[in-house]
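A.B. asks: Residue numbers (the numbering used here): 1383 to 1589. Using N, Cα and C, we set each Cβ at its ideal position, and we do this for glycine too. Input: one structure, supplied below.
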Amino acid sequence: NGSKSTSGTVNMIYIRVTVANNQLGLPVHAQIIIGHVDSSENIEPAPGTVQAESYGLYTGVGNQVVVSPLAPASTGCVGGSSQNILATKTLPFGTTGVITDTANGSITASERTASGQSTISGLNLFGGLIKADKVVTSANSYINSMGSGGSTSVTLINATIGGVAQSQHPAPNTTITVPGLGYATINEPTHVLDSTSAIQGVYAMDI
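In structure tokens form, the structure reads like this:
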């Protein structure tokens, strides 16, 4: 801990191999770490702040979290990059394949940029009511002396809802009925752009 920084780290189990010719055939000085976490904060002067975040899937009822955000990735307020990958996930209402999330942010003397992307493979929800080979969602924003801007995009590969094939590049705020369940809004974006901020966000599917 210091006046402008603080950090902490912990390993749940830290195994060091010290026995030569051991029964597992591991070399001396080999290390096995199980359950590692770390965190840090630094106070740094910067011409503004950035934030980027992404996650694969979240479920909630009102204020109650049912499934916490899967494979979340985020940056600190002064930028940086983050990636999180989650293997096949079984949920109470379906399954997913690999989820990959990334977040990136950058601050220079002339521009601030932020971007996030989430990719889900093998999406299969509600007994096949909602399926897709791949769902790719991205958002990018920037602000500089010329103004602010950015973009969002959603790409669906071989996606079906209630057995009906969906467009690979759905129009913003496309509403699809999910038989026996409710409805889904596909490609649901958020755009806030002015002289001091640039916010771009998007949900691939809001069920």
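Would you mind sorting Lys1513 into buried or exposed? The rule is 16 or more other CB atoms within 10 Å of its CB.
C.D. replies: Burial call: buried.
A.B. asks: Measuring CB to CB, does Val1480 end up less than 8 Å from Ile1467?
C.D. replies: Yes; because the gap between Cβ atoms is below 8 Å, this pair is in contact.
A.B. asks: Using a Cβ-Cβ cutoff of less than 8 Å, which residues in the same chain neighbour Asn1506 once the five nearest sequence positions on both sides are dropped?
C.D. replies: If we look at Asn1506 and ignore the five residues flanking it on each side, its Cβ neighbours are Gly1476, Thr1477, Thr1478, Ile1512 and Lys1513.
A.B. asks: For the stretch 1399–1413 against the stretch 1424–1437, do three or more pairs of beta-carbon atoms, one drawn from each stretch, fall closer than 8 Å, so that the two count as touching?
C.D. replies: Contact fails: fewer than three Cβ-Cβ distances are below 8 Å.
A.B. asks: State yes or no: is the C-beta of Ala1455 within less than 8 Å of the C-beta of Asp1483?
C.D. replies: Taking 8 Å as the Cβ cut-off, Ala1455 and Asp1483 qualify as a contacting pair.
A.B. asks: Hey, would you say Ile1525 sits closer than 8 Å to Ser1464, going by beta carbons?
C.D. replies: Cβ distance not < 8 Å, so Ile1525 and Ser1464 don't count as in contact.
A.B. asks: How far does the beta strand (DSSP E) with Asp1576 in it extend, from its first residue to its last?
C.D. replies: Element bounds for Asp1576: n/a, residue is neither H nor E.
A.B. asks: Buried or exposed, going by whether 16 or more other CB atoms sit within 10 Å of the CB of Gln1550?
C.D. replies: The residue in question, Gln1550, is exposed, as its Cβ has fewer than 16 Cβ neighbours within 10 Å.
A.B. asks: Output the distance between the C-alpha atoms of Pro1554 and Asn1569, rounded to the nearest integer angstrom.
C.D. replies: Answer to the nearest angstrom: the Cα atoms are 5 Å apart.
A.B. asks: Any idea which residues DSSP pairs Ser1497 with across the strands?
C.D. replies: DSSP output for Ser1497 lists Asn1486 and Asn1522 as bridge partner(s).
A.B. asks: Can you look up Gly1504 in the DSSP assignment and give me helix, strand or coil?
C.D. replies: DSSP places Gly1504 in strand when its eight states are reduced to three.
A.B. asks: In whole angstroms, what separates the C-alpha of Gly1373 from that of Thr1557?
C.D. replies: Within the shown structure, residues of the chain are numbered from 1383 to 1589, placing residue 1373 beyond reach of any answer.
A.B. asks: Could I get the ranges of all uninterrupted beta strand (DSSP E) runs contained in the stretch 1385–1411, with 3 residues as the minimum, in chain order?
C.D. replies: Listed in chain order, they are 1387–1398.
A.B. asks: When you compare the CB positions of Ser1529 and Gln1582, do they come within less than 8 Å of one another, or not?
C.D. replies: Note on identity: in this sequence residue 1529 is Gly, with Ser being the wrong assignment. No, Cβ-Cβ distance for Gly1529 and Gln1582 is not below 8 Å.
A.B. asks: Could you check what DSSP says for Gly1510 in three-state terms: helix, strand or coil?
C.D. replies: Correct three-state label for Gly1510: helix.
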